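Residue numbers (my numbering): 40 to 352. Ideal Cβ placement from N, Cα and C applies to all residues, glycine included. Please read these numbers as outputs of a predicted model, since none were measured by experiment. Worksheet for the structure shown next.
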Amino acid sequence: MADEMAQVDAVIHRRLASEVVLINQISNYIVSAGGKRIRPLLVLLFARALGFQGHERFEMAATVEFIHTATLLHDDVVDESDLRRGRKTANAIFGNAASVLVGDFLYSRSFQMMVSVNRMRVLDVLAEATNVIAEGEVLQLLNMHDPDITLDAYLRVIRYKTAKLFEASARLGAVLAGVNESSEESCAAYGRCLGTAFQLVDDLLDYEGATAQLGKNVGDDLREGKPTMPLLLAMQAGTEDQRQIIRHAIEHGEVERLDEIVEIVRSTGAIEATRRAAQDEARKAQDHISSLPPSQFKEALLYLCVQAVERNS
Ligand code: GRG
Numbered sequence: 040m041a042d043e044m045a046q047v048d049a050v051i052h053r054r055l056a057s058e059v060v061l062i063n064q065i066s067n068y069i070v071s072a073g074g075k076r077i078r079p080l081l082v083l084l085f086a087r088a089l090g091f092q093g094h095e096r097f098e099m100a101a102t103v104e105f106i107h108t109a110t111l112l113h114d115d116v117v118d119e120s121d122l123r124r125g126r127k128t129a130n131a132i133f134g135n136a137a138s139v140l141v142g143d144f145l146y147s148r149s150f151q152m153m154v155s156v157n158r159m160r161v162l163d164v165l166a167e168a169t170n171v172i173a174e175g176e177v178l179q180l181l182n183m184h185d186p187d188i189t190l191d192a193y194l195r196v197i198r199y200k201t202a203k204l205f206e207a208s209a210r211l212g213a214v215l216a217g218v219n220e221s222s223e224e225s226c227a228a229y230g231r232c233l234g235t236a237f238q239l240v241d242d243l244l245d246y247e248g249a250t251a252q253l254g255k256n257v258g259d260d261l262r263e264g265k266p267t268m269p270l271l272l273a274m275q276a277g278t279e280d281q282r283q284i285i286r287h288a289i290e291h292g293e294v295e296r297l298d299e300i301v302e303i304v305r306s307t308g309a310i311e312a313t314r315r316a317a318q319d320e321a322r323k324a325q326d327h328i329s330s331l332p333p334s335q336f337k338e339a340l341l342y343l344c345v346q347a348v349e350r351n352s
């Protein structure tokens, strides 16, 4: 998809332009650091897998990347993160206020782009998605430092904050192609399951990964007292002592005992169990697109499900 993604890149750079110098500086800073561009890829792959070749697909692909980038700018402020995409975060360099406001610029620019394709359904899908993402972040805030949240409550947060934009990206490809409702729902379900798998792996890499590879700091979730699946499963499977160590770490955001906690998470099998949960979601995603006609685009969508689980960055 390199040629197609180059077209998305061109739209991204054209649409980033502003007369306000600081906006260009910060938005270019974060966009030029790259990122995997999975969400725009989903828009393009679904559009092409369903036979749509109109130029609106590039505008829509760039739109979801802008929304994603806006959420990253806001998220790094909320989480006080200082490393993203292998670079210092925008908030670490330009400050919180500038990061939030440039996030607002990207977010509102994305709405201008949605309107430009002149389809009410596109606005409908993305207005709903961004609203749910914001709800997910607020739910996550409520769960912070709470070691007693259920797996269901955790899964709800990751469906809202991450899977929703994957779902919307996949759905947009189908909306552009004008397929019937049941086909559109299958594409959306693929995105939802892939996004869930993706976030599960994101959460396990916070314990298993390497900072250099990830481009963000390992152990950040623990520092914030975020009760993610690896910790919830380790508490279920561990001894009473191990459970107490993890409870205390979640309650107090204790990163000093990170090595010990990583060892508990590993030795209780919580990493592998989280990866299995991701694998299940990825398989479900593949099943949801079984009725797509055969094409290289469908093959790529199937392969993305493998990559999402096996990735280490
Ligand atoms: C502006 C609509 C709006 C909402 C603000 C802060 C917030 C509400 C939402 C944050 C949601 C969020 C950051 C979820 C995590 C998603 C996630 C897994 C990000 C990392 O995605 P990758 O790995 O990043 O695709 P790259 O760097 O590859 O683009």
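Residue i beta carbon near the ligand GRG (any heavy atom closer than 7 Å)
i           : result
residue 124 : yes
residue 246 : no
residue 52  : no
residue 94  : no
residue 146 : yes
residue 241 : yes
residue 74  : yes
residue 181 : no
residue 111 : yes
residue 77  : yes
residue 114 : yes
residue 45  : no
residue 62  : no
residue 346 : no
residue 200 : yes
residue 283 : no
residue 69  : no
residue 117 : yes
residue 278 : no
residue 5   : Any answer about residue 5 is impossible in this case: the structure gives the chain only from 40 up to 352.
residue 90  : no
residue 176 : yes
residue 237 : yes
residue 169 : yes
residue 142 : yes
residue 172 : yes
Contacts around residue i, its chain only, beta-carbon distance under 7 Å, and the 5 residues preceding and following it disregarded
i           : result
residue 310 : 243, 246, 247, 269, 304
residue 336 : 84, 87, 88
residue 301 : 246
residue 169 : 106
residue 76  : 44, 104
residue 350 : 240
Straight-line Cα distance separating residue j from residue i
i           : j           : result
residue 72  : residue 352 : 14 Å
residue 87  : residue 328 : 14 Å
residue 27  : residue 142 : Because the chain in this structure spans residues 40 to 352, residue 27 falls outside the shown range and cannot be described.
residue 253 : residue 128 : 14 Å
residue 321 : residue 58  : 43 Å
residue 185 : residue 107 : 27 Å
residue 221 : residue 210 : 11 Å
residue 55  : residue 40  : 22 Å
residue 354 : residue 333 : Any answer about residue 354 is impossible in this case: the structure gives the chain only from 40 up to 352.
residue 356 : residue 187 : No answer is possible for residue 356: it lies beyond the span of the chain, which begins at 40 and ends at 352.
residue 287 : residue 249 : 24 Å
residue 167 : residue 279 : 43 Å
residue 223 : residue 296 : 47 Å
residue 177 : residue 119 : 16 Å
residue 196 : residue 93  : 34 Å
residue 343 : residue 312 : 21 Å
residue 291 : residue 326 : 41 Å
residue 191 : residue 173 : 18 Å
residue 260 : residue 114 : 12 Å
residue 181 : residue 42  : 43 Å
Contacting residues, own chain, Cβ-Cβ under 6 Å from residue i (five flanking each side not counted)
i           : result
residue 317 : 236, 239, 240, 348
residue 205 : 230, 233, 234
residue 183 : 264
residue 281 : 303
residue 307 : 273, 276, 277
residue 116 : 130, 135, 138, 139
residue 218 : 89
residue 125 : 254
Cβ distance (whole Å) where residue i is taken to contact residue j below 8 Å
i           : j           : result
residue 95  : residue 50  : Contact doesn't hold; Cβ gap of about 11 Å is too wide.
residue 156 : residue 203 : Rounded, the Cβ-Cβ distance is 20 Å, inconsistent with contact.
residue 215 : residue 91  : 5 Å
residue 353 : residue 294 : The structure shown does not extend to residue 353, since the chain spans only 40 to 352, so no value can be given for it.
residue 81  : residue 258 : Not really, about 30 Å apart at Cβ, beyond 8 Å.
residue 267 : residue 193 : 7 Å
residue 207 : residue 164 : 5 Å
residue 47  : residue 100 : 5 Å
Sequence-distant residues of its chain with Cβ nearer than 8 Å to residue i (five each side left out)
i           : result
residue 198 : 175, 231, 234, 235
residue 345 : 321
Please determine if the stretch 216-231 and the stretch 145-154 are in contact, where contact requires at least 3 C-beta pairs separated by less than 8 Å.
-> No, the stretch 216-231 is not in contact with the stretch 145-154.
Three-pair Cβ contact test at 8 Å for the stretch 58-73 versus the stretch 131-141 = Yes, the stretch 58-73 is in contact with the stretch 131-141.
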